[in-house]
Amino acid sequence: MKLINKLLAVTAISVALLPGVVSADCGKARLADFDWSSANVHTAIVGFILEHGYGCDVEVTKGSTTPIMAAHYDGQLDIVTELWYDNIVANYDPVEEAGIIRNLGINTPDSQQAFYVDKTTADKYNLRTVLDMLDPEVAALFTDPEDPSKGRMTSCISGWTCYTVNYVKQKVYGLDNYYTNFDPGSGGALDAAIAGAFAKKQPIFTYYWAPTGLMGKVDLVRLKEPPYNDACWGAMSEVVETIKAEGKDAYTATCATEYRDMSLDKSVLVSWADSHPEETAFIEAYSLPTAMVNKLLAFYEDESDGDMELTALEFLENSDDWKAWVSADVAAKVSAAL
Amino acid sequence: MVRKLLTYLTFPIIFVWLLITSYNSSRRKPDSVMELFTDLSWLNDWPKWLDIPLMKWINDGFKVFNEEYGIYFEIVNNFLLGAILSLKKFLIMMPWPLVIALVVAIVFFSSGRKLGTTVFVGICTFFIGFLHPKFWDKAIETTSIMIIGILICIIIGIPLGITMSRSNRVRNAILPVLDLMQTIPSFCYLIPGIMLFGLGAVPAIIATVIYAVPPLVRLTDLGITLVDTEVIEAAEAFGASKKQKLLGVQLPLALPNIMQGINQCTMMALAMVVIASMIGTRGLGDEVLLGLQQLNVGKATEAGLAIVLLAIVLDRITQAYGKKIQDRNSPPK
C-alpha cells in the first residue's frame with residue numbers, strides 16, 4: 010500500500026513538472042497541420058523552434074485542407090507552414106486583401122511535377138529529354154504488359170487534371186505513338202508501382218512529383234520538356250478543359266510546356282504577426298530545398314518508426330541551415346534543447 | 004504435467020522477450036534502464052519505447068522477399084495476365100448480339116429451361132451496354148477478370164473445403180485464417196500486391212481471391228458435413244472406398260451448397276471491382292471511381308448500375324444451376 014502511494018506521488022510530481030519550460034513572452038502559437046507528410050515535417054520543425062527557441066506554447070491542429078484553412082481564415086489558427094497556394098488562390102486572396110492573414114512566401118522553392126525515368130535506365134540509354142523517349146527500342150524497355158505493342162508510361166490518376174494534361178502532352182510530344190497513358194488508379198498505387206519497380210530493378214517511366222518521401226528513396230531522373238511559359242500553358246489548359254468536358258476525341262493540336270513549379274507557401278494571421286515580429290521574421294525566413302524535404306520524408310518513413318518529432322530532431326541536429334533563420338541566442342537555445 | 008507447465012511458461016517468456024526487443028530497438032528510450040525506476044513519468048502516457056517493431060519486421064521481410072523472389076511473381080503475373088488478355092480479346096472480338104445470345108443460352112439450359120429467368124437475364128445483359136456504349140467493353144473486361152478469379156477460387160477453395168470436412172484438426176487450423184482473410188482491410192494486401200505483381204489486373208485478381216474464397220471453402224465444408232450419415236453408412240455397407248464415397252456420394256449431395264458457395268464467391272468478387280480499379284485495373288469500377296473523382300454523380304451511378312446488372316446476370320447463372328441440381332436431388336413429391 011505504501012509503495013503504491015509513493016508511486017502515485019512520484020507520478021503526480023513528474024506530471025506537474027512537465028510543462029515547466031514555457032516562458033511568458035511568446036504565449037500561444039497555434040500551428041495548422043495537414044494530412045500529408047511534407048506539411049507535417051515543416052510543422053514539426055517550426056513547432057520545435059518556436060517552442061524551444063522562442064518559448065512559445067505550441068498547439069498543433071491537424072486536418073484536411075478545407076476545415077483547416079477555414080479555421081485559419083476565421084482567426085483560430087495562427088500559422089500555416091505549408092500552403093498549396095495555387096490550389097486555393099480563389100479562397101485565399103480575398104481574406105488576405107481583407108488584412109486578416111499574410112502570405113509569408115515560399116517554404117519549398119523547387120517543388121516539381123514532371124515525367125521521370127529511373128536513373129539506371131536513363132544513364133544507360135542517355136535519356137535526358139522527353140524527345141529521347143521517342144524510340145521504339147526505348148519504348149520496348151517499358152513494355153506495357155496489358156498492351157505489349159507499346160511502352161507503359163505510368164501516369165497521373167484518371168479524374169485528376171494532371172491525367173488529362175499528361176494525355177495532351179503525350180499527343181503534342183508524339184509520345185502517344187510509343188507509350189500508353191496508364192492510370193494507376195490512386196496515389197498509393199502509383200507510389201507502390203514506382204517502389205516495386207525499383208525493388209525489382211526494372212525500368213520505369215512515370216509521371217511523379219516532389220517533395221515526397223518516395224523521391225528521397227529512389228533515384229528518378231527528370232526528363233526535360235520545353236521550358237514553362239504562360240501563353241503556351243494557357244493554350245494547353247484550354248484543350249485540357251475541353252477534353253475533360255467532352256472526352257478524348259475533343260483533342261486539337263496545341264503546344265505544350267513543362268509543369269509550372271507549384272508554389273508552396275507559408276501563411277500567418279496578421280494579428281499574431283503584429284504581436285510576434287521576431288517569430289514572424291523566423292517563419293518568413295524558413296525555407297527548405299526539395300531534396301532536403303525528400304530526405305527527411307524518407308527518414309520519417311523508413312527509420313523514425315513514423316515519429317515526426319524525431320524527424321524534426323534529425324534535421325535540427327544534422328544540418329546548420331536553420332541557424333540562418335533565427336538570431337544567435339535563439340539558435341543557442343534550440344541547440345541546448347536538442 | 005511438466006509438458007503443461009512448459010506450455011504455460013512459453014507465453015510469458017515470449018512476452019518478456021517481446022518487451023525487451025521493443026525496448027532495445029526503440030530510438031526513444033531513456034539513457035539507461037535505471038531511469039525507468041527512478042523516473043516513473045512513463046506510467047503517465049504510453050511510453051514511446053513500448054512499441055513492438057512489427058512494422059519494421061514486416062517491411063524488412065517484404066523487401067528481401069520482393070528482391071529475392073520477385074522474378075517468380077513475374078512469371079505468375081505473365082501467366083495470369085495472358086489468360087485474362089486472351090479471354091478478354093476473345094469476348095470483345097465477338098459481336099455483341101452473339102455475346103447476349105450466348106448468355107441467354109447458358110441461362111436457359113443451366114436454369115432447366117425456365118423462360119422467365121432467361122428473358123430477365125437477357126434484358127439485364129442488354130441494358131449494360133444500353134446504359135452507356137462504353138460500358139460494354141468495360142463490363143467484358145470486368146467479367147474476364149472475374150471469371151479467372153472465380154476459377155482460381157474453385158481450384159483452391161473446393162479441395163480446401165473437402166480437406167476441412169475430413170479432419171477437425173485441419174478445420175481448426177484453417178478457420179482462423181479464413182476469418183483473417185475476410186476481415187483484414189483489402190488495402191493491406193493490395194499495396195504489397197502491386198509491388199510484387201505491378202499495377203493492373205493481376206494484383207486485383209489476387210485480392211479478389213483472398214476476399215472471395217472463404218465463403219466457398221466454408222460452404223463446401225458445410226455441404227459435405229451435412230450429408231446424411233445414413234446415406235454414407237449405406238455407401239460403406241456396399242463397400243465403397245473413400246474415393247468412391249467422396250466422388251459418388253458426398254460431392255454430388257453437397258453440390259447445391261457448393262454452388263451456393265460459388266455464387267457467394269462471385270458476388271463478393273464483384274464487390275472488389277471498385278477497389279480493384281484503385282490499383283489500375285480497367286473495367287466498370289474504373290468508371291465509378293472516375294465519377295467519384297470528378298464529383299459526377301450521374302456517371303458514378305450509371306456505372307454503379309452497370310455493376311449491379313452484371314451482378315444480377317452472374318448471380319442468376321450460378322443460382323439457377325444450383326437450384327436445378329437441388330431440384331434433381333430432392334425426392335419427387
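Which chain is which? The protein sequence lines are A and B, in order. The first sequence maps to residues 10 to 347 in my numbering. The second sequence maps to residues 4 to 336 in my numbering. Note that the Cβ used here is the ideal one computed from N, Cα and C, for glycine as well. Values in this document were obtained by computation on a predicted structure and should not be read as measured data.
From the DSSP output, in three-state form, read off residue i for me.
i	result
Thr-10 (chain B)	helix
Ala-33 (chain A)	Low confidence applies here, because Ala-33 (chain A) scores a pLDDT of 45, under 50, leaving its location unreliable; read the following figure in that light. Note: Ala-33 (chain A) maps to coil in three-state DSSP.
Asn-190 (chain A)	strand
Arg-331 (chain B)	helix
Ala-38 (chain A)	strand
Asp-1 (chain B)	Because chain B spans 4 through 336 in this model, residue 1 (chain B) falls outside it and cannot be assessed.
Ala-346 (chain A)	helix
Met-271 (chain A)	coil
Gly-114 (chain A)	strand
Trp-93 (chain A)	strand
Val-300 (chain B)	helix
Ala-156 (chain A)	It is worth fixing the name first, because residue 156 (chain A) is Asp in this sequence and not Ala. In this structure, Asp-156 (chain A) counts as strand in the three-state DSSP scheme.
Phe-241 (chain B)	coil
Gly-72 (chain A)	strand
Trp-242 (chain A)	helix
Leu-202 (chain B)	coil
Ile-17 (chain B)	helix
Give the C-beta separation of residue i and residue j to the nearest angstrom, bearing in mind that I take them to be a contact with Cβ-Cβ under 8 Å.
i	j	result
Ile-54 (chain A)	His-81 (chain A)	Contact flag wrong, Cβ pair sits at about 19 Å.
Asp-220 (chain A)	Ser-336 (chain A)	Sequence inspection shows Pro at residue 220 (chain A); the Asp mentioned does not correspond to that position. Actually they are not in contact, since the Cβ atoms of Pro-220 (chain A) and Ser-336 (chain A) sit about 28 Å apart, beyond 8 Å.
Ile-153 (chain B)	Ile-265 (chain B)	7 Å
Ala-38 (chain A)	Val-67 (chain A)	5 Å
Asp-192 (chain A)	Ser-158 (chain A)	About 18 Å; that fails the 8 Å criterion.
Val-220 (chain B)	Ile-155 (chain B)	13 Å between Cβ atoms; not a contact.
Ile-159 (chain B)	Val-216 (chain B)	6 Å
Asp-318 (chain B)	Met-270 (chain B)	6 Å
Taking Cβ positions, are residue i and residue j nearer each other than 9 Å?
i	j	result
Ser-195 (chain A)	Asp-289 (chain B)	no
Tyr-217 (chain A)	Leu-199 (chain A)	yes
Phe-76 (chain B)	Phe-200 (chain B)	yes
Trp-52 (chain B)	Ser-25 (chain B)	yes
Gly-196 (chain B)	Ile-209 (chain B)	yes
Tyr-295 (chain A)	Trp-334 (chain A)	yes
Ala-257 (chain B)	Thr-223 (chain B)	yes
Thr-128 (chain B)	Ile-157 (chain B)	no
Ala-314 (chain B)	Ile-148 (chain B)	no
Tyr-275 (chain A)	His-51 (chain A)	Residue identity differs from the one stated: residue 275 (chain A) is Lys in this sequence, not Tyr. Result yes, Cβ atoms of Lys-275 (chain A) and His-51 (chain A) sit closer than 9 Å.
Met-198 (chain B)	Ala-201 (chain A)	yes
Asn-190 (chain A)	Tyr-172 (chain A)	yes
Thr-320 (chain A)	Leu-305 (chain A)	yes
Val-316 (chain B)	Ile-131 (chain B)	yes
Ser-120 (chain A)	Leu-273 (chain A)	yes
Val-354 (chain B)	Ala-303 (chain B)	One cannot answer for residue 354 (chain B) here, as it falls past the ends of chain B, which runs 4 to 336.
Considering Cα atoms alone, identify which of the options is closest to residue i.
i	options	result
Ile-23 (chain B)	B:Gly-152, B:Glu-233, B:Ile-55, B:Phe-123	B:Ile-55
Gly-72 (chain A)	A:Val-98, A:Thr-261, A:Phe-43	A:Phe-43
Asp-270 (chain A)	A:Pro-236, A:Lys-253, A:Ser-246	A:Pro-236
Tyr-101 (chain A)	A:Val-126, A:Thr-75, A:Gln-121, A:Gly-160	A:Thr-75
Gly-222 (chain A)	A:Ile-97, A:Gly-256, A:Met-317	A:Met-317
Gln-185 (chain B)	B:Leu-94, B:Pro-162, B:Gln-267	B:Gln-267
Lys-128 (chain A)	A:Val-343, A:Val-227, A:Cys-65	A:Val-227
Gln-122 (chain A)	A:Ala-148, A:Leu-86, A:Glu-234	A:Glu-234
Glu-310 (chain A)	A:Gly-36, A:Cys-35, A:Asn-49	A:Asn-49
Met-262 (chain B)	B:Leu-225, B:Leu-273, B:Glu-239	B:Leu-225
Ser-280 (chain A)	A:Asp-156, A:Val-230, A:Glu-105	A:Glu-105
Leu-113 (chain A)	A:Pro-286, A:Ala-340, A:Thr-299, A:Ala-345	A:Pro-286
Lys-133 (chain A)	A:Asp-119, A:Leu-140, A:Leu-150	A:Leu-150
Lys-209 (chain A)	B:Asn-69, B:Leu-39, B:Ser-28	B:Asn-69
Lys-92 (chain B)	A:Arg-137, A:Glu-155, A:Leu-59, A:Asp-144	A:Glu-155
Below 8 Å, is the gap between the Cβ of residue i and the nearest heavy atom of the ligand SAM?
i	result
Gly-64 (chain B)	As for the ligand SAM, it is missing from this structure, which has no ligand bound.
query = Between the region 169-198 of chain B and chain A, which residues of the former have CB atoms less than 9 Å from a CB of the latter, in chain order?
reply = Within the region 169-198 of chain B, the qualifying residues are Phe-190, Leu-193, Ile-194, Pro-195, Gly-196, Ile-197, Met-198.
message = By the 9 Å beta-carbon criterion, what residues does the region 53-64 of chain B contribute toward chain A?
response = Cβ contacts with chain A come from Asp-54, Pro-56, Met-58, Lys-59, Asn-62.
ask   = Which residues, taken in chain order from the region 153-170 of chain A, show a beta carbon closer than 8 Å to some beta carbon of chain B?
value = Answer set for the region 153-170 of chain A: Pro-154, Glu-155, Thr-163, Ile-166, Ser-167, Gly-168, Trp-169.
request  = For the region 209-232 of chain A, enumerate the residues whose C-beta is nearer than 7 Å to any C-beta of chain B, in chain order.
outcome  = Per Cβ criterion, the list reads Lys-209.
ask   = According to a CB-to-CB cut-off of less than 9 Å, which residues of the region 263-285 of chain B neighbour chain A?
value = Contacts with chain A (Cβ-Cβ distance below 9 Å) from the region 263-285 of chain B involve Ala-279, Ser-280, Met-281, Ile-282, Gly-283, Thr-284, Arg-285, listed in chain order.
Residues, ordered as in the chain, of the region 181-192 of chain A that lie near chain B by beta-carbon distance below 7 Å = Residues passing the 7 Å Cβ filter: Phe-191, Asp-192.
ask   = the region 144-165 of chain B: which residues have C-beta closer than 9 Å to a C-beta of chain A, in chain order?
value = Going along the region 144-165 of chain B in chain order, one finds no residue with a Cβ nearer than 9 Å to chain A.
request  = With 9 Å as the C-beta to C-beta threshold (strictly closer), list the residues of the region 245-259 of chain A near chain B in chain order.
outcome  = So the close ones are Lys-253.
request  = Output, in sequence order along the chain, the residues in the region 81-107 of chain B whose CB is closer than 8 Å to any CB in chain A.
outcome  = In summary, the residues of the region 81-107 of chain B whose CB is separated from some CB of chain A by less than 8 Å are Asn-81, Leu-84, Leu-88, in the order they occur in the chain.
request  = Residues of the region 49-71 of chain A with a CB closer than 8 Å to any CB of chain B: list them in chain order, please.
outcome  = Result list empty, no residue passes.
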